[in-house]
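Numbering of the sequence shown is given in the working numbering, commencing with residue 660 and proceeding in unit increments. Note sheet for the following structure.
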Amino acid sequence: SVLITEQDFYDLAWAYLARAHADNVRHVEMFFDPQGHTGRGIAFATVIEGLTRAIADARRELRVEASLIMCFLRHLDEADAERTLDAALAFRDRIVGVGLDSSERGHPPGKFTRVFARAREAGFFLTAHAGEEGPPSYVWEALDLLGVARIDHGVRAVEDQALVGRLAREQIPLTVCPLSNVRLRVVKDLAHHPLRRMLDKGLMVTVNSDDPAYFGGYVNENYRASAQALGLGRDEIAALVRNGIKASLMTTAEKDKALADVDRVLAATM
660 SVLITEQDFY DLAWAYLARA HADNVRHVEM FFDPQGHTGR GIAFATVIEG LTRAIADARR
720 ELRVEASLIM CFLRHLDEAD AERTLDAALA FRDRIVGVGL DSSERGHPPG KFTRVFARAR
780 EAGFFLTAHA GEEGPPSYVW EALDLLGVAR IDHGVRAVED QALVGRLARE QIPLTVCPLS
840 NVRLRVVKDL AHHPLRRMLD KGLMVTVNSD DPAYFGGYVN ENYRASAQAL GLGRDEIAAL
900 VRNGIKASLM TTAEKDKALA DVDRVLAATM
């Protein structure tokens, strides 16, 4: 009932982007769930106009680049997701990707095969939450049935050695959110988080924030807390940062520049 007008969605996005800027974040890929708003009578256009106006202002005033990934709520049915995709197609130039989030248990990726096929045909980048609360089989489904290029969370993949082998071999990115995993009791505490094991096994694991206003911990805090709890050193942290750049939707030229910036900072602080 708080987010109603275009300005409300602008304010929400701007507050996040300003906070990201304070953490020296330069590139953001923001997930948003339109169904949580359209389901209570808010027009899709109201949501997208507010978000994209904030993104444009952040680019100009903060020099933070941001893009939008629209997620389907998996506890709703595929027909609802289809209607949401229909609405999104009118704003195709403002949405770079399509994802899948919300309650994972009992809602396997295969439930959304048709709508993801349509999204792929429309040229969206595809990703999905899988293997967080749900089993490793959900990661297999996201890869093989939905055709995603990236897995969000994916921490339970470590329970399936064949899956670990595939993820390492194909260098499929995993957007891990350590503090969220603790808050949602996916792991007991950060000392028991598989992040370091995943990195040691050669997985393209990245560190991210997840609903930071709710769960606490923006991206820098996720790095700091993980490093402290898991004993991550300079090399491991640098690898995670590089993985984040490589796994992003930036252009090749933008990735090369960002990687060079990382190398320059590391060289200057040795």
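Glycine included, each C-beta is placed from N, C-alpha and C at the ideal position.
_Residue(s) in a DSSP beta bridge with G756_ = G756 is bridged to I728 and F784.
*Leaving aside the five residues before and after R901 along the sequence, list all residues of the same chain whose C-beta is less than 8 Å from its C-beta, in chain order.*
So the qualifying residues of the chain are L918 and V921.
*L833, DSSP secondary structure in three states*: L833 carries a strand assignment under DSSP once its states are collapsed to helix, strand and coil.
*So, are the CB atoms of R733 and E708 less than 8 Å apart?*
If you check the CB distance, R733 and E708 do not come in under 8 Å.
*Look up F691 in the DSSP assignment and give the residues it is bridged to.*
Residue pairing by DSSP places F691 opposite M729 in a beta bridge.
*Are the beta-carbon atoms belonging to G941 and A816 less than 8 Å from one another?*
With the chain represented from 660 up to 929, any question about residue 941 goes unanswered, as that position is not in the structure.
_Give me the DSSP bridge partner(s) of V866._
Within the DSSP bridge table, the entry for V866 names V835 as partners.
*DSSP three-state call for F701: helix, strand or coil?*
The amino acid at residue 701 is misidentified as Phe; the sequence shows Ile. I701 falls in the coil class under three-state DSSP.
*Do A715 and V723 have their CB atoms nearer than 8 Å?*
Cβ distance not < 8 Å, so A715 and V723 don't count as in contact.
*Could you check how far apart the C-beta atoms of P768 and A738 are, in whole angstroms? I think they sit under 8 Å.*
Between P768 and A738, the beta carbon gap of about 17 Å keeps them out of contact (Cβ cut-off 8 Å).
*asked:* Distance check for A749 and K847, CA to CA, integer angstroms please.
replied: About 43 Å.
*Relative to the C-alpha of L849, which residue among Y873, L891, S907 and E720 is closest?*
Nearest of Y873, L891, S907 and E720 to L849, Cα basis: L891.
*For I810, which beta-bridge partners are listed by DSSP?*
A787 and L833, per the DSSP bridge assignment.
*Measure the Cβ-Cβ separation of F731 and F771 and say whether it is below 8 Å.*
In contact: F731 and F771 (Cβ atoms closer than 8 Å).
_Between which residues of its own chain and A888 is the CB-CB distance below 6 Å, once the five residues before and five after are set aside?_
Closer than 6 Å at Cβ, skipping near neighbours: L849 and A850.
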